[in-house]
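What follows is one structure encoded as structure tokens, with my remarks underneath.
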Amino acid sequence: MTTPARVLAFDVFGTVVDWHGSIVREVKRLNLAVDGDAFANAWRAGYQPAMAEVRKGQKAWTKIDVLHRMILDRILGEFGLNHLSEETRRDLNRIWHRLTPWPDTVPGLQRLKQRFTIVTLSNGNLGLLSNMAKTAGLPWDLIL
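In the working numbering, the protein residues as written are 95 to 238.
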């Protein structure tokens with residue numbers, strides 16, 4: 095006998111929300127004179143190497159917000175944006191809390207929620223994921 099599924103777990107970054115497009119739009123909003131696509135890709139490309147250092151014990155476990163900020167500070171120099179103020183850097187780093195869902199995400203999750211418990215399964219920290227859920231209207235039952 096098989097047991098029907100009762101819980102559906104979702105990856106968040108790229109699956110539920112459009113991290114790339116959200117960063118590109120943020121670069122435009124801030125009027126940064128850089129290629130938004132290249133900037134978004136460079137920022138995200140730094141994530142796996144940073145996590146590899148954590149997994150190897152070369153870096154202490156830390157929130158993804160801190161890792162995103164470390165990567166951001168590094169790539170700002172690569173894109174000629176070292177002049178950005180601390181306030182702008184903080185705001186830019188918080189884009190990860192304001193990522194836009196794909197157009198079909200919220201309606202799809204709402205339909206699934208009628209029959210299943212829907213949860214996140216992500217490396218994102220609780221604050222980031224809960225802020226994102228509130229901003230984007232993501233109807234999670236639980237954030238893991």
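Where a beta carbon is used, it is the ideal one built from N, C-alpha and C, also for glycine.
Note that the coordinates shown come from a computational prediction; the quantities given were computed from them, not determined experimentally.
Residue i, buried or exposed, once every other Cβ within 10 Å from all chains shown has been counted against 16
i: E181; result: exposed
i: E172; result: exposed
i: W113; result: buried
i: W137; result: buried
i: G218; result: buried
i: L220; result: exposed
i: V148; result: exposed
i: T199; result: buried
i: S179; result: exposed
i: W155; result: exposed
i: L236; result: exposed
Among the options, the one whose alpha carbon lies nearest that of residue i
i: R119; options: V110, F133 and N219; result: F133
i: T214; options: M95, V111, V148 and L186; result: V111
i: R163; options: K150, I189, S116 and S224; result: I189
Cβ-based neighbour list, residue i, same chain, cut-off 7 Å, excluding 5 preceding and 5 following
i: K122; result: G130
i: G231; result: V200
Residue i, enclosing beta strand (DSSP E) - first and last residue
i: T211; result: T211 to T214
i: A103; result: V101 to F104
Cβ-based neighbour list, residue i, same chain, cut-off 6 Å, excluding 5 preceding and 5 following
i: L166; result: N187
i: R205; result: none
Whole-Å CB distance - residue i paired with residue j, under 8 Å assumed
i: L170; j: Y141; result: L170 to Y141, Cβ: 16 Å. No contact.
Delimiting residues of the alpha helix (DSSP H) encompassing residue i
i: N187; result: E180 to N187
i: F133; result: G130 to A139
i: Q204; result: T199 to K207
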